[in-house]
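In what follows, a single structure is set out as structure tokens and then discussed.
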Ligand code: GLY
Ligand code: MN
Ligand code: MN
């Protein structure tokens, strides 16, 4: 791992909170992500499954975590199964956790090699009233590729056919949506690295650079600061490319007069930052670009103020829509009549602002959380309104990451340049 390890107390506390929500007598089982095949004998870089990381801190393939708080054998109440290393693995792949290291990293006292799993699991599950399995319950998840936890679920259901099966996912969504101080500190490190990359880009950008050169500057700054890499595929979109919401080709030359929309974030210790900034290629916004930029900035600030305990995501998006509507009228993009006659189910502003304003952020960039529950202190949301005008070859989105507290919001990206004057001054240096 490139990052400094997180102290095990976080994972001990996370397991404690998980156990408090688990049914009496139940056992819960968590698997690592698969090592995804790329071609021939090669794999994509391994990324730990976020829930097992959250509960154990173990960042290694093929790990299995079993939590069984009421197990009659106390030593089996928390158990980790690890891939057993050997000389061959050490030479070809490098270091893997020893049992002692896994204990230190996770705070779990009982560590077995994977080959012992069948027999130990039999004992644990024979004395469990139900088995909680960890499936991907993201509403937008859709993939024909079966993943490790899903394959495991089929095996368990076949083998323990008379057990009741429970769902870890709703518990994990509830737990992970509220960030502890330690998690916020780790996320801030991801954001600090992201800020350094943005400042580097401000100094680097000039007419004639290509989008991938900017991407390269960002990647360089990420890696030299211990980020694992990008938390998601970065969007470096100059001129009209900015109106393609998921543009990731990043292969266009940035021309004098264009604005570049850049949406990127570092992944540090498996936590994500998620930033969007827009800058003028030549260092100076035109009046029109400035007007659109400042409209988006006002919407962002108004939206940030609505991220308060008790608000709901649904109501929030509706309210942000009203603010955006006024700005689009001021910019001459919508008329009062269009707004008056709009179909409330498909508001007119959606023509220029077609995505949501906020999503949960944490271990995953689009983190898990209950979208239908009220907002609470400890949640981290992005705030990212945008205005996209293909006919003007201009797209502006501004995105910061916001922590909700009882005493108001904390903008975790408050130190990242955002005002037009600030950006122009830094680019003029
Ligand atoms: N970077 C992905 C998003 O902003 O949602
Ligand atoms: Mn985002
Ligand atoms: Mn983003």
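In my numbering, the protein residues as written are 25 to 453. For every residue, glycine included, the Cβ atom is placed at its ideal position computed from N, Cα and C. None of the values given here were measured: they were computed from a predicted structure.
Exposed or buried, which one is residue i when buried takes at least 16 other CB atoms within 10 Å?
i: residue 39; result: buried
i: residue 404; result: buried
i: residue 196; result: buried
i: residue 133; result: exposed
i: residue 63; result: exposed
i: residue 188; result: exposed
i: residue 409; result: buried
i: residue 113; result: exposed
i: residue 55; result: buried
i: residue 68; result: exposed
i: residue 87; result: buried
i: residue 381; result: buried
i: residue 44; result: exposed
i: residue 437; result: buried
i: residue 25; result: exposed
i: residue 74; result: buried
i: residue 29; result: exposed
i: residue 53; result: buried
i: residue 164; result: exposed
i: residue 211; result: buried
i: residue 449; result: exposed
i: residue 317; result: buried
i: residue 66; result: exposed
i: residue 258; result: buried
Per DSSP, what kind of secondary structure is residue i in: helix, strand or coil?
i: residue 399; result: coil
i: residue 68; result: coil
i: residue 377; result: coil
i: residue 131; result: coil
i: residue 99; result: helix
i: residue 74; result: helix
i: residue 29; result: coil
i: residue 88; result: strand
i: residue 263; result: helix
i: residue 35; result: helix
i: residue 300; result: strand
i: residue 176; result: helix
i: residue 61; result: strand
i: residue 404; result: strand
i: residue 424; result: strand
i: residue 198; result: helix
i: residue 459; result: The structure shown does not extend to residue 459, since the chain is modelled only from 25 through 453, so no value can be given for it.
i: residue 353; result: helix
i: residue 383; result: coil
i: residue 51; result: strand
i: residue 119; result: coil
i: residue 138; result: helix
i: residue 153; result: coil
i: residue 436; result: coil
i: residue 105; result: strand
i: residue 242; result: helix
Between the beta-carbon of residue i and the beta-carbon of residue j, is there less than 8 Å?
i: residue 152; j: residue 81; result: no
i: residue 433; j: residue 426; result: yes
i: residue 32; j: residue 92; result: no
i: residue 302; j: residue 422; result: yes
i: residue 393; j: residue 201; result: yes
i: residue 149; j: residue 51; result: yes
i: residue 203; j: residue 402; result: yes
i: residue 229; j: residue 305; result: yes
i: residue 27; j: residue 84; result: no
i: residue 300; j: residue 435; result: no
i: residue 290; j: residue 255; result: yes
i: residue 322; j: residue 351; result: yes
i: residue 169; j: residue 100; result: no
i: residue 349; j: residue 357; result: no
i: residue 46; j: residue 90; result: no
i: residue 379; j: residue 269; result: yes
Report back the beta-carbon spacing between residue i and residue j to the nearest angstrom; my notes put them in contact at under 8 Å.
i: residue 232; j: residue 452; result: Actually they do not touch by this definition, with Cβ atoms about 17 Å apart.
i: residue 264; j: residue 336; result: The Cβ separation is near 35 Å, so there is no contact.
i: residue 411; j: residue 319; result: 6 Å
i: residue 261; j: residue 285; result: 5 Å
i: residue 35; j: residue 79; result: 6 Å
i: residue 173; j: residue 162; result: Contact doesn't hold; Cβ gap of about 13 Å is too wide.
Measuring only from the beta carbon, is residue i closer than 7 Å to any heavy atom that is part of ligand 5?
i: residue 406; result: In the structure shown, ligand 5 is absent; the only ligands present are ligand 1, ligand 2 and ligand 3.
Open item on the list: Between the segment 333-346 and the segment 311-320, can you find at least three pairs of beta-carbon atoms closer than 8 Å?
Closed with: no
Open item on the list: I want to know whether the segment 182-202 touches the segment 214-230 - three or more CB-CB distances under 8 Å.
Closed with: no
Open item on the list: Quick test of the definition: if touching needs 3 or more C-beta pairs under 8 Å, does the segment 296-303 touch the segment 371-391?
Closed with: yes
Open item on the list: Quick check: the segment 271-285 against the segment 191-208, are at least 3 beta-carbon pairs closer than 8 Å?
Closed with: no
Open item on the list: Check whether the segment 95-114 and the segment 129-139 touch, using three or more Cβ-Cβ pairs below 8 Å as the test.
Closed with: Cβ pair count under 8 Å is three or more, so yes.
Task: Cβ contact (3+ pairs, closer than 8 Å) linking the segment 230-243 and the segment 275-285 - done: yes
Task: the segment 281-290 / the segment 368-381 touching (three or more Cβ pairs under 8 Å) - done: The segment 368-381 and the segment 281-290 do not touch, with fewer than three beta-carbon pairs separated by less than 8 Å.
Open item on the list: Three Cβ pairs or more, each shorter than 8 Å: is that satisfied between the segment 219-226 and the segment 244-252?
Closed with: yes
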